[in-house]
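Novice:
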Amino acid sequence: MTAKEVEKKEFQTETQKVLDLMINSIYTNQEIFLRELIANASDAIDKVKFQSLTDVDLLEGDSDFEIWLDIDEENNVFTIKDNGIGMTYDEVIESIGTIAQSGSQKFLHQLQQKQAQEDDALDLIGQFGVGFYSAFMVADKVTLSTKAPREDTAIKWESTGDGTYTIEEVAKDKRGTTIKLHLRDEFVGDEAEIDLTKRQTIEQLVKKHSNYVEYPIKMKFYEDDEDGNVTEEIKTLNSMKPLWVKNKGDIKEEEYNEFYQEAFNDWTEPLEVIHNKVEGLVKYAALLFIPQQAPSNIFSEDFDQGLRLYSKNNFVMDNCSKLLPDYLRFVRGLVDSPDFNLNLSRQVLQDDKQLKVISKTLEKRVLKRLKKILTNDRDKYRKFWSEFGQLIKSGANMTFGQKQDKLVELMIFPSSDCDSEMTTLNEYVNRMKEDQDVIYYVTGEDKMAVENMPQMELLQEKGLEVLYFFDEIDEFVINNLREYDDIEFKSVLRGDLDLDDAEDDVAADQDEVEELLTAIEDNLEGKVSDVRLSRRLKSSAVCLVSGDAGLSMSMEKVLEKMNQNMGQAQRILEINPNHELFNKLEQIYNTEGNSEQLAQYSELLYSLASLMEGFTPDDPVALSDQITELMVKAN
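Here it is as structure tokens:
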């Protein structure tokens with residue numbers, strides 16, 4: 001065979017435009033050139049490995065698949081070499097010398113659109129098969145030498161990106177491809193943003209972008225010893241340990257823990273590991289972790305939520321928030337799919353149908369695992385709930401239909417019957433008394449606060465279980481749900497408790513003292529909407545409750561903390577007709593009518609009831625004077 005002499009060719013017009021854009025650095029993330037070249041090398045090895053399954057002679061005795069990197073610091077040349085499939089003369093012309101005209105035109109058109117919208121154009125590199133050209137982002141000359149199996153000669157391709165390239169046949173012993181990048185000045189030296197002549201820099205880039213490439217990526221490192229002698233060390237830069245591609249049965253718990261702690265910088269072991277591989281129309285592997293502890297900033301806007309995205313073990317992006325809904329932001333992990341483009345952008349993710357399918361599947365899988373833990377290991381689930389329960393509640397508050405139902409089944413609450421163990425709504429319903437037709441709940445700061453509330457006295461006497469809501473989001477969720485299993489929720493702090501035996505007794509008394517109650521209501525005009533005898537108080541003298549509709553007092557306090565003024569909740573003053581204090585009020589009214597003393601007592605009762613609800617009295621000084629005066633009179 002006669003060797004082809006050096007030929008000088010011109011790039012197609014469209015190809016040159018693409019190359020010019022690379023040279024002029026339309027991309028701010030130039031470091032991805034290495035990921036692109038390593039991905040190409042890995043693909044080349046994949047091809048020869050696959051073809052050798054039916055044609056072993058194709059390997060020519062070279063079956064130790066490797067990718068080598070090297071740096072010539074003196075001449076500022078970076079080299080990447082593989083022993084993959086290599087290319088023939090025609091394949092180099094087709095794959096390197098040109099870009100399909102239709103593809104390049106579409107690339108340029110979409111690039112112009114992205115530039116006009118000031119969007120990141122990173123995704124276009126791999127999408128249109130121009131990954132090799134990313135070498136020109138950091139190099140002012142690129143030299144490629146490649147040899148295909150069973151070819152007598154190799155092919156050398158070279159270009160400075162000036163609109164032309166040269167191609168010739170050369171001698172090369174082994175199969176594979178070698179690419180030399182003659183680095184631009186701005187990528188050389190200590191003042192460079194990325195100094196590509198430093199081996200440590202290359203090592204860091206490999207670990208960031210190509211750590212889980214299947215084949216070893218090797219580089220020589222040199223070090224001077226005390227005597228001035230240079231020692232050489234060959235390092236494998238990538239870990240080649242993509243756990244997610246292995247079968248679960250072949251992985252030990254220690255391996256999962258070690259991977260999680262190293263990959264996500266957590267000194268604790270994960271609470272739970274979810275590992276699955278899916279084959280079908282959408283193919284992917286997912287390795288998810290539920291941490292032991294919530295990060296301190298998990299509820300802040302600057303929290304980096306989302307999973308890592310890989311394509312065939314190549315890193316695509318970090319913090320891909322589209323893979324899981326916001327309420328599962330606590331999940332750490334990664335997804336690897338061969339169908340993902342290496343340069344998938346966050347904007348493209350918005351409309352990626354395959355990613356949406358994966359997202360729905362992952363969400364279902366996480367919820368299914370949480371349900372399993374809840375059912376089989378309540379201690380473990382309580383640990384999870386103490387860290388991430390509020391996020392599950394927020395999901396239930398923001399969703400509807402079947403998804404909301406699944407989240408509601410995951411919610412657990414302390415209650416008057418099972419404080420430490422906590423209870424699901426289903427468990428509560430199964431324990432309800434025969435004549436009970438509502439699910440009782442109370443909102444408050446903590447267990448001591450709610451159990452000492454006067455509004456709880458009747459329910460405590462009757463042994464009716466009450467759910468304790470300590471988180472600010474709880475009442476929002478319940479107001480959204482309204483009912484569970486066709487049973488309505490009922491706040492202990494709102495309206496009537498509708499316990500018939502108590503209602504009948506109080507109704508008769510209410511008529512007898514209606515004038516007194518009206519007088520007290522007049523004295524508290526603008527502060528309460530009603531004054532009535534209480535059906536829920538047993539030992540306490542007085543309490544405040546909200547009306548059945550509208551804002552509750554607990555919701556009012558929450559919104560006030562959020563600087564959202566939604567007005568004041570309706571306040572109803574309830575007085576215990578069996579308390580000695582009420583007898584005193586009756587005596588005053590029967591003797592003096594609506595006197596100044598009754599007015600003072602009315603204000604005092606309201607202030608005390610407000611204090612018990614956590615509200616600041618309108619006039620603390622006046623309250624202090626009233627109490628002082630009463631103490632003096634008592635003596």
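Quick note: the sequence shown uses the UniProt record's numbering, first residue 1, plus one each step.
Positions of the beta carbon are idealized from the N, C-alpha and C atoms, including for glycine.
What you are looking at is a predicted structure, and each value in this text was computed from that prediction instead of being measured.
Between the Cα of Asp190 and the Cα atoms of Glu73, Phe340 and Gly163, which residue gives the shortest distance?
Specialist: Measuring from the Cα of Asp190, the nearest candidate turns out to be Glu73.
Novice: Please state the DSSP three-state secondary structure of Thr518.
Specialist: Correct three-state label for Thr518: helix.
Novice: Tell me, which residues are paired with Met317 by DSSP?
Specialist: Note: Met317 sits in a beta bridge opposite Leu309.
Novice: My assumption, with CB atoms under 8 Å, is that Phe78 sits in contact with Leu196. Please give the rounded CB distance.
Specialist: About 6 Å; that satisfies the 8 Å criterion.
Novice: Let me know the secondary structure DSSP gives residue 662 once reduced to three states.
Specialist: The shown model of the chain, from 1 to 635, leaves out residue 662, and the question about it has no answer.
Novice: May I have the straight-line CA-CA distance separating Tyr441 from Ser529, to the nearest angstrom?
Specialist: Roughly 23 Å separates the two Cα atoms.
Novice: Reducing DSSP to helix, strand and coil, say where Met219 ends up.
Specialist: It is a strand residue.
Novice: Which of helix, strand or coil does DSSP assign to Lys4?
Specialist: Coil at Lys4, not helix or strand.
Novice: On the criterion of 16 or more Cβ atoms from any shown chain inside 10 Å, does Ala519 qualify as buried, or is it exposed?
Specialist: That one is buried.
Novice: Taking DSSP's pairing of strands, which residues face Ala139 in a bridge?
Specialist: Leu183.
Novice: State yes or no: is the C-beta of Asn137 within less than 8 Å of the C-beta of Gln30?
Specialist: The question names Asn, but residue 137 in the sequence shown is Met. Yes.
Novice: If we require 3 or more residues per run, which beta strand (DSSP E) segments fall completely within the segment 556 to 614?
Specialist: Fully enclosed beta strand (DSSP E) runs of 3 or longer: 572 to 575.
Novice: Asp379 by DSSP, collapsed to three states: which one?
Specialist: Helix at Asp379.
Novice: Measure the alpha-carbon distance for Asn430 versus Arg482 and round it to whole angstroms.
Specialist: Taking the straight line from one Cα to the other gives about 18 Å.
Novice: For Ser595, does the count of other Cβ atoms within 10 angstroms reach 16, so buried, or fall short, so exposed?
Specialist: Classification for Ser595: exposed.
Novice: As a quick exercise: from Pro291, Gln292 and Val366, pick the residue whose alpha carbon is nearest that of Pro325.
Specialist: Considering only alpha carbons, the answer is Val366.
Novice: Hey, how far is the Cα of Glu475 from the Cα of Gly389?
Specialist: Spanning the two alpha carbons is a distance of roughly 14 Å.
Novice: Should the segment 155 to 162 be called in touch with the segment 40 to 55, which here means at least 3 C-beta pairs below 8 Å?
Specialist: Cβ pair count under 8 Å is below three, so no.
Novice: Please report how far the alpha carbon of Val357 lies from the alpha carbon of Tyr284, in whole angstroms.
Specialist: Rounded to whole angstroms, Val357 to Tyr284 spans 11 Å at the Cα level.
Novice: What are the start and end residues of the alpha helix (DSSP H) that includes Phe50?
Specialist: Element bounds for Phe50: Ile32 to Gln51.
Novice: In whole angstroms, give me the CA-to-CA distance for Arg150 and Leu58.
Specialist: One C-alpha to the other measures close to 7 Å.
Novice: Ile473 lies in the beta strand (DSSP E); which residues open and close that run?
Specialist: That residue, Ile473, is in no beta strand (DSSP E); it is neither H nor E in DSSP.
Novice: Three or more C-beta pairs under 8 Å: does that hold for the segment 198 to 218 against the segment 233 to 243?
Specialist: Enough Cβ pairs lie closer than 8 Å, so yes.
Novice: What residue range does the alpha helix (DSSP H) around Val429 cover?
Specialist: Val429 -> alpha helix (DSSP H) spans Leu425 to Arg431.
Novice: Where do the ends of the beta strand (DSSP E) carrying Phe489 lie?
Specialist: Start and end: Ile487 to Ser491.
Novice: Contact check, Leu425 vs Leu458 under 8 Å by CB: the rounded distance?
Specialist: Leu425 to Leu458, Cβ: 23 Å. No contact.
Novice: Kindly identify the DSSP beta-bridge partner or partners of Arg332.
Specialist: The partner list for Arg332 (beta bridge, DSSP) reads Phe289.
Novice: Where do the ends of the beta strand (DSSP E) carrying Val188 lie?
Specialist: Unbroken run through Val188: none, as it is neither H nor E.
Novice: Tell me which residue opens and which closes the beta strand (DSSP E) that Leu69 is part of.
Specialist: First-last of the beta strand (DSSP E) with Leu69: Ile67 to Asp72.
Novice: Buried or exposed: where does Gly176 fall if 16 or more other Cβ atoms within 10 Å of its Cβ makes it buried?
Specialist: The residue is buried, with at least 16 neighbouring Cβ atoms inside 10 Å.
Novice: Since Lys172 and Lys147 should fall inside the 8 Å C-beta cutoff, what is the C-beta to C-beta distance between them, to a whole number of angstroms?
Specialist: Their Cβ separation, rounded to whole angstroms, is 5 Å, which keeps Lys172 and Lys147 in contact under 8 Å.
Novice: Measure the alpha-carbon distance for Leu362 versus Glu272 and round it to whole angstroms.
Specialist: Whole-angstrom Cα-Cα distance: 15 Å.
Novice: Mark Gly131 as exposed unless 16 or more other C-beta atoms lie within 10 angstroms of its C-beta, in which case mark it buried.
Specialist: The residue in question, Gly131, is buried, as its Cβ has 16 or more Cβ neighbours within 10 Å.
Novice: What separation, rounded to the nearest whole angstrom, lies between the Cα atoms of Leu493 and Val245?
Specialist: Rounded to whole angstroms, Leu493 to Val245 spans 54 Å at the Cα level.
Novice: Between which residues of its own chain and Ile392 is the CB-CB distance below 7 Å, once the five residues before and five after are set aside?
Specialist: Cβ within range, chain order: Tyr327, Leu407, Leu410 and Met411.
Novice: Indicate the three-state DSSP secondary structure (helix, strand or coil) for Leu122 in the structure shown.
Specialist: Confidence in Leu122 is poor, its pLDDT being 48 and thus under 50, which makes the residue's placement too unreliable to answer from.
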